[in-house]
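Structure first, commentary second.
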Amino acid sequence: MSERTGKSIFAHKQTYSRKGNSKSRSVREVAHEAERLDGACPHVGNPQSPTILEGMRPSEVVALIEQRIAEQNKLLRQLRKEQPDRKESLRGIRSDTHVMIGSVFSFPVRSRIWTKPSICAGAGT
6 MSERTGKSIF
16 AHKQTYSRKG
26 NSKSRSVREV
36 AHEAERLDGA
46 CPHVGNPQSP
56 TILEGMRPSE
66 VVALIEQRIA
76 EQNKLLRQLR
86 KEQPDRKESL
96 RGIRSDTHVM
106 IGSVFSFPVR
116 SRIWTKPSIC
126 AGAGT
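So that you can map any letter, position 3 of the sequence shown is 8 in the working numbering, and since no number is skipped, the others follow by simple counting.
Given below as structure tokens:
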């Protein structure tokens with residue numbers, strides 16, 4: 006193994022909105038790519054289904070985001086009716102508001118942590 010074992014050689018973080026625009030993809034588009042859905046990964050020759058090591062599928066994250074925004078906007082509408090003098094400060098969450106952060110990290114070689122049986126079993130190796 007090299008000296009760089011376990012050290013990131015690439016890290017990228019980006020935020021996404023529900024709507025997306027010409028500069029950034031939407032939450033749903035990012036989730037489709039993460040799940041390797043048809044047409045969502047044109048830059049990958051033969052996309053394979055991901056192995057989820059922990060947590061939920063990306064499409065479930067999108068559904069959770071949508072649910073929480075709907076709940077919050079409903080509450081805000083109710084508060085605007087109850088407090089008309091605060092109407093401006095109680096606006097709903099817009100579709101272009103960034104509501105998710107995504108991160109990508111790459112490593113030069115497999116980290117020692119990947120040799121643990123519990124992790125290897127989940128990764129299908």
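Here a beta-carbon is modelled for each residue, glycine too, at the ideal position from N, C-alpha and C.
{"Item": "Three-state secondary structure (DSSP) of LYS92", "Value": "helix"}
{"Item": "Alpha helix (DSSP H) segment containing ILE74, residue limits", "Value": "63-87"}
{"Item": "Distance CB(VAL104)-CB(ILE70) smaller than 7 angstroms", "Value": "yes"}
{"Item": "Contact check, ILE98 vs GLN77, beta carbons under 7 angstroms", "Value": "yes"}
{"Item": "Residue from GLY50, LEU81, PHE110, VAL66 with nearest C-alpha to TYR21", "Value": "VAL66"}
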